[in-house]
Structure formats: C-alpha cells, structure tokens
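Chains as they are written, first to last, in this note's numbering: chain D, 51 to 586; chain B, 1218 to 1344. Positions of the beta carbon are idealized from the N, C-alpha and C atoms, including for glycine.
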C-alpha cells in the first residue's frame, strides 16, 4: 500500500495550518504540522516530504532562515518549498523567498485552486521522483542481480573454459592415441606380413581370412587363389583326419604348441612345418583358428641325416669291436695252447707262433686304421713327402699281401712301366694305399682269381690301377664307396670297418691326386688313382 | 668215440684254433671256409655236430642253420654258433633259427670244447 505523500505545513499560528489542511482536504495527502522552524526541521529528520508549505513570519526563526537551513542539509536540499505569507508580500520579499530556495511565494489571501494546482504539480513531481527512485532501486537491484548472474556466468564461463581445455587435451590425447594405434597396427601388420614364419587365420568354414606374405611365398599361392582355397586343401591326405580334429578342437578354445604338420604347396610339393595354433575370440566367440608355423623341412632332413650318421657310427663301433675281437681271439687261443703244453710237435708250435705273429700284425693294422681315422676327423692327418720310387712301394705292398692272396689261390701280376719317374710322396702312406687296394681286390675276388697292378705315365700324371676279376661292385654302391664307415652290403661277407677306402682317398687327395673306380657286377673292378708328377 | 664234427669258419686262424683243440680231444674234424661249401658238406655228409661262424662268404651262419633245420637229415643235428659278434639280437636270432648254443669268440678254446662235449652228451649248457 502506497503511503500517502506527506506535506509539511509550517506556521506559528495553528489556525493557518488548519486552513491549509482544509484547502487540500480532497487531496490524498498526509499533513505534518510544525509550529516553528525548528519543529519543521525536526520533522524533516523523521519524514520524507513531498512538499513544504511555510509561513514566513515566525518567531525565533523565520521561514527564510528555515529554508536556508533546509538547503544546507542533504536530506532537505531539494525539498520543494512554497512560502505562504500574508505580510511579506512585496517584491523584494518574494525575491528573498526565491533566493532562499523556495520554488514559489504565495501571498494571502490564498486562492485555493491556484495553491492546489501548484502543490499538485509538486505532488506529481514527488510521485514521479519516488517512482523514479523506486525504479532506480529496482534497476540497481536488477543490475546487482545481473551482476551476480554475470559473475556466475563468468564462473561458468571459466568452468566451461576449463572443460573446454580438458576436452581439447583429451581430444589431442585421443588423436595421439589414434595415431599410436594406427602406427601400432601398421607395425603389427608389417610385422606379420614380413615375418619369416608362415601365419594364417582360418574361419569356422575353413576359409583363409588372413595369410602373410611368407605363407603365400612358401605355398606358392597368389592372394587371388585364397578365395577358393580351404584349409583342407593344403593338408596332405594322410594327415587330413587328425588335422581336422585339431582344427575343431582349436575352434573350441584349445591351444596347441609345437605341432608338426605337413603342408602341400600349390605345385604338390610337401613341406614340413612346426608351429602353434590357437583360436581368436571376438565378442565371446571363437571365430578363427590362427596358426604360426616354421618351415622345418631342412631341420627334418638334417635330423634324418644325423640319425643315419648316428646309426652308421653305432654300427661302426659295433663292427670295430667285432673286428678287434677276431684277431685277439686267435692270439689268446694259440698262446693258451702253446702255454698249456698241449702242443708237442715243434712244427705245429712254429705254425702257431707264425699265426700269433700274423694276427698281431692284423690287430696292429686295425688299430692304425682307427688312429688314422681319428687323425682325419680332428684334422691332424699329416703327409710326409720324400722322393721315392713308386715301383718299390708297389712291389713291397704286393709282397705284404702275398700270403693273404695265396690263401685264396689268387695271383698278383705287376705291370710296371720301368721308365717311371720318381715321385715326391709319403712312402708309408702310399704303401698303405696300395695295400688297401690289393686287400680289397683279394677280398672281393673268387678263389683262384687274378689281380693286376698297372702303373704308367698318363698326361702329366702318374696313373696306377689295381684290377681284379672278382664279383664287382654294383652301381648303387659306387658313389658311397669312399665314404666313412660305408661297407658294401653284399650277401658276401661284410668284413672290415669300412675305413680303408676312405683313408685311401684322403691320402690320394692329400697328394693332390684323384681316385676312382670302374666296376661291373660279376665281372670285376678296377681301382685307379693319379698323382701329379712332381714339378722340377 | 670219434664223433664227426664240421666247422664252417672263414678266418683261417680261428678255424685252425678250433680244429686243433677239437682234434686234440679225439674228434674227427672236417672244415669249410665258405658258407655255400659248408652247407653242401653238411647236407651231403653225416655229422654229429656242426659249428658255424656267422660272418661267412656265400651265405651267413644264420641262413645255413635255418636251412639245415628244415631238412629231415640235419634237423636234429646239434648246431653250435661261434661268433665274434656279441649283440643280443644276434644271440636271439641264433635261437630263432634253431641253433642249440651260442658262444662268443673269447680266445678260450676250452670253452668251445666243453660246449661241444655237453651238446654231444645231450646235456646242453643253458644258452
């Protein structure tokens, strides 16, 4: 409820105040009476007035003074004042009145309408002023609110800014991560594609969803071939069933390490591989069987070779012990007999002693062979050359095998070109060579056969040939003849450690020579070797 | 007694050793140095005991033993295998082809003599 505007009426005579009130009785105002200037001033301290009507003539403080005092106070500086006076009516009074700060000077008798009109103006002004003030307050409040909201908005703006900053950072991080993921993918893709191992991924239907370059190269397929290829197509027939089983089990989540499989290439070649298989999970399901394999074909071949070699070595060792036992048996046996005194006849005694001698030699030769073998294996095999007549060496060798030959009724003929130059060779070793070749010839010969030893100059070499008319050697055996441990597995006796020919070849080659054999089953063999003539 | 013995052995020294030892005991000893020759001799002549080496030219000791066992004349003749080979599988093989005993060449001819005597008196030493 709006308050009525207050009007201050000041007169020392109370009847004047009443009169005034009567004039404004129809106006909606509240009058505050003051009977003196001081009282009026006091009222201004308590109330806010729209207008003040003052009498001029008052005891102690007149109207002019009162207004001047009002004008000095902030509160009342702009209070509109209308003087109402009966006495002071001259112009200079009016001037004085206005000069003191009043807005009007009305002389009595008052014309009510005029005063009312003037007061109404100021009342309206006052209302206007009040409403302006309200407006100002409202606006100030509104402004405050706006400021508050603005401040809040600022805060929010800051927060937003901060969030934005975060977002930007996050975005940058994401971009960074994305890049890393991409690079990582590229690296993996590159890794898989360039790996030496074969990598494949097979879906539930058996189709290839991924294979790497190594896979394509190894199996001989193009990328285009993969469309029509099923994984069963790369399996060998014999392994198909177990492989399918493996595949099914993998698709149920099992993993297998170091499985060996045989693949078949596009061109039908077989390829042994070894590797690991496992399933790929996507959304909780096993969607593909992945395998990564190494080509172990070479390894398998090497293992096979090693097994063969080991088998040959075992056989060799078993044969060596057997070979050594034979002469030893005779040595012990005859010695026992002689020692026991069971041999009375001196002729028999001599016979036995000769056997002991022979068997000792045999044992010695065997042991020498083994030592040579050991030296060859460890690279300690040496040749000591001297200038020597090969003719003598051959002749000595022939003599050495003489008794062996005569036991079988075999005759050895020497066909030596007497113009043979002297050679720079290791005499002992060459003797070993000739003896070995002769022994073989005797071994593989029938009873009462014949052996020929030929020697001549051919091109710039010395050629020596040992021929026999024995059982011959089959074509299949010839390539391996000079290999270590190799013995011809004829249904014939398989004697010997298999070292002789191997050592023989090593000796010839150490002399920069060449050795070879020509043979026909049932007809006989000719072992030939050449030695370069010594340079002068 | 003078039982007739056949020794098939291609190593001259080993042969001489066994031959001498057995002849000393009074046996009548015949020899062969070749598998085929030995087999023929065994088939054509009557022997009370045959001694075979395994590593022989022609056919080996196992083969000879197996064939002798198949023929009625020699199916029951005691056969002693004497070899430098000591592998278990050779010993097993010997038993499979029907040999009565297997001895390793140990340099002790007395062993061979003892085994021969045992086989001839139908009381073989365990294999």
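Problem - Contact under 8 angstroms by Cβ, residue 1257(B) with residue 1223(B) - result: Position 40 of the second chain, counted from the start, is the residue given in the question as residue 1257(B). Position 6 of the second chain, counted from the start, is the residue given in the question as residue 1223(B). Going by C-beta atoms, residue 1257(B) is not nearer than 8 angstroms to residue 1223(B).
Problem - Residues of the stretch 456-476 of chain D whose Cβ lies closer than 8 angstroms to any Cβ of chain B, in chain order - result: 457
Practice task
Output yes if chain C places a C-beta closer than 8 angstroms to the C-beta of residue 376(D); else output no.
Solution key: In the structure shown, chain C does not exist; the protein chains are D and B.
Handout entry: 8 angstroms Cβ cutoff met for residue 1270(B) and residue 1314(B)
Key = To locate residue 1270(B), count along the second chain from 1; it is residue 53. To locate residue 1314(B), count along the second chain from 1; it is residue 97. Contact flag unset, no.
Problem - Cβ separation of residue 451(D) and residue 503(D), assumed to be a contact under 8 angstroms, to the nearest whole Å - result: The residue you call residue 451(D) lines up with position 401 of the first chain. The residue you call residue 503(D) lines up with position 453 of the first chain. Their Cβ separation, rounded to whole angstroms, is 11 angstroms, which puts residue 451(D) and residue 503(D) out of contact at 8 angstroms.
Problem - Environment of residue 167(D) [buried if 16+ CB atoms lie within 10 Å] - result: Stepping through the first chain from its first residue, residue 167(D) is reached at position 117. Per the 10 Å Cβ criterion, exposed.
Exercise for the section: Quick one: using the 10 Å Cβ neighbour count with 16 as the cut-off for buried, is residue 541(D) buried or exposed? Expected result: Numbered from its first residue, the first chain carries residue 541(D) at position 491. Note on residue 541(D): pLDDT 35, under 50, position unreliable in the model; no value is reported.
Practice task
Note down, in chain order, each residue of its chain lying with its Cβ closer than 6 angstroms to the Cβ of residue 580(D), except the 5 sequence neighbours on either side.
Solution key: Your numbering for residue 580(D) matches position 530 in the first chain. Cβ neighbours of residue 580(D) beyond the five flanking positions: 511, 513, 563 and 564.
Exercise for the section: Tell me, please, which residues DSSP counts as bridged to residue 576(D). Expected result: Indexing the first chain from 1 puts residue 576(D) at position 526. In DSSP, residue 576(D) forms a bridge with 517(D) and 568(D).
Exercise for the section: With DSSP as the reference, label residue 1270(B) as helix, strand or coil. Expected result: The residue given as residue 1270(B) occupies position 53 in the second chain. If DSSP states are grouped into helix, strand and coil, residue 1270(B) belongs with coil.
Handout entry: Through-space distance from residue 180(D) to residue 133(D), alpha-carbon basis
Key = Counted from its first residue, the first chain places residue 133(D) at position 83. Counted from its first residue, the first chain places residue 180(D) at position 130. For residue 133(D) and residue 180(D), the distance between alpha carbons rounds to 23 angstroms.
Practice task
Report yes if the C-beta distance between residue 116(D) and residue 91(D) is below 8 angstroms; otherwise report no.
Solution key: Counting from 1 along the first chain, the entry for residue 116(D) is found at position 66. Counting from 1 along the first chain, the entry for residue 91(D) is found at position 41. Between residue 116(D) and residue 91(D), the C-beta spacing is below 8 angstroms.
Handout entry: Simplified DSSP assignment, three categories, for residue 187(D)
Key = Start at 1 with the first residue of the first chain, and residue 187(D) comes out as number 137. Correct three-state label for residue 187(D): helix.
Practice task
Please indicate yes or no: does the CB of residue 527(D) lie closer than 7 angstroms to some heavy atom of the ligand COA?
Solution key: Questions concerning the ligand COA fall outside what the structure shown contains, since it holds no ligand whatsoever.
Handout entry: Backbone secondary structure at residue 302(D) - three-state DSSP
Key = Locating residue 302(D) in the first chain gives position 252, where the first residue counts as 1. In the three-state reduction of the DSSP assignment, residue 302(D) falls in the coil class, being assigned neither a helical nor a strand state.
Exercise for the section: Return the first residue and the last residue of the beta strand (DSSP E) that residue 261(D) is part of. Expected result: Counted from its first residue, the first chain places residue 261(D) at position 211. Start and end: 258-261.
Problem - Other residues of its chain near residue 81(D): CB distance less than 7 angstroms, five sequence neighbours each side excluded - result: As a working mapping, residue 81(D) is identified with position 31 in the first chain. Closer than 7 angstroms at the Cβ level, and outside the excluded window around residue 81(D), lie 57, 59 and 71.
Practice task
Pick helix, strand or coil for residue 341(D), following the three-state DSSP scheme.
Solution key: Residue numbering aside, residue 341(D) sits at position 291 when the first chain is read from its first letter. Three-state DSSP puts residue 341(D) in a strand.
Problem - Completely contained alpha helix (DSSP H) runs for the stretch 417-458 of chain D, where each covers 4 or more residues - result: Listed in chain order, the complete alpha helix (DSSP H) runs (minimum 4 residues) inside the stretch 417-458 of chain D are 440-450 and 452-457.
Problem - Proximity test, Cβ basis, 8 angstroms: residue 1241(B) and chain D - result: Taking the second chain and counting its residues from 1, the one referred to as residue 1241(B) is at position 24. Yes, contact with chain D.
Exercise for the section: Using 10 angstroms around the beta-carbon of residue 1219(B), count the other beta-carbons present and answer buried if the total reaches 16, otherwise exposed. Expected result: For the purposes of this step, residue 1219(B) is identified with residue 2 of the second chain, where counting begins at 1. Flag for residue 1219(B) reads exposed.
Exercise for the section: Mark residue 494(D) as exposed unless 16 or more other C-beta atoms lie within 10 angstroms of its C-beta, in which case mark it buried. Expected result: For this step, residue 494(D) is matched to residue 444 along the first chain. Label assigned to residue 494(D): buried.
Exercise for the section: Return yes when the Cβ of residue 414(D) is within less than 8 angstroms of the Cβ of residue 443(D), no when it is not. Expected result: Translated into positions along the first chain, residue 443(D) becomes position 393. Translated into positions along the first chain, residue 414(D) becomes position 364. No, the Cβ-Cβ distance between residue 443(D) and residue 414(D) is not below 8 angstroms.
Practice task
Could you work out which residues of chain D lie near residue 1229(B), taking near to mean beta carbons separated by less than 7 angstroms?
Solution key: The residue labelled residue 1229(B) in the question sits at position 12 within the second chain. Within 7 angstroms Cβ-Cβ: 457.
Practice task
Decide if residue 390(D) is buried, meaning its Cβ has at least 16 other Cβ atoms within 10 Å, or exposed.
Solution key: Walking along the first chain from the start, residue 390(D) turns up at place 340. Counting Cβ neighbours within 10 Å, residue 390(D) comes out exposed, since fewer than 16 surround it.
Handout entry: DSSP bridge partner residues for residue 1256(B) (one or two, in chain order)
Key = Translated into positions along the second chain, residue 1256(B) becomes position 39. Answer is none; residue 1256(B) lacks a bridge partner.
Practice task
Consult DSSP for residue 1333(B) and reduce its assignment to one of helix, strand or coil.
Solution key: For the purposes of this step, residue 1333(B) is taken as the residue at position 116 of the second chain. Looking at residue 1333(B) - three-state DSSP - the assignment turns out to be helix.
Practice task
Measuring only between beta-carbons, confirm whether residue 481(D) sits less than 8 angstroms from chain B.
Solution key: Looking up residue 481(D) in the first chain gives position 431. Judged by the 8 angstroms Cβ criterion, residue 481(D) is not in contact with chain B.
Practice task
Please list, in chain order, all residues of the same chain as residue 543(D) whose beta carbon is under 7 angstroms from its beta carbon, the five residues on each side excluded.
Solution key: Working through the first chain from its first residue, we reach residue 543(D) at position 493. Note that residue 543(D) scores 41 on pLDDT, short of 50, meaning its location in the model is unreliable; the coordinates nonetheless yield the value given after this. Excluding sequence neighbours, residue 543(D) sits near nothing in its chain.
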